[in-house]
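Everything in the sequence shown is counted per full-length UniProt numbering, starting at 1 for the first residue and increasing by one. All C-beta atoms, glycine included, are put in the ideal place defined by N, C-alpha and C. First comes the structure, then the notes that go with it.
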Amino acid sequence: MMGGGGGGGRYPMRFGYRQSNSGGPRYGPPVRTEHRIIVENLSSRVSWQVYFNKLASLSLSAKS
1 MMGGGGGGGR YPMRFGYRQS NSGGPRYGPP VRTEHRIIVE NLSSRVSWQV
51 YFNKLASLSL SAKS
């Protein structure tokens, strides 16, 4: 489920960032980890956001 309940806004819940009722962030910015992914041979005609959204949707469907 993208966004979870109650948070809404620009950042989905899976990133650990949620707006509180007062409008400010509830937990602060996401924490950096040592986990990385290297993606090569991508078309320069498509923005990184498109790839990111596709990867996120694949991740969500794999959990089902």
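Using CA coordinates, which residue listed in the options is at the minimum distance from residue i?
i: V39; options: L58, R26, Y51, K63; result: Y51
Can you give me the C-alpha to C-alpha distance between residue i and residue j, rounded to a whole angstrom?
i: S43; j: S61; result: 24 Å
i: E33; j: L55; result: A small fix is needed here, since residue 33 is Thr in this sequence, not Glu. Near 18 Å, if we compare the C-alpha coordinates of L55 and T33.
i: L58; j: I37; result: 15 Å
i: S47; j: N53; result: 10 Å
i: P29; j: R45; result: 30 Å
i: N41; j: V31; result: 28 Å
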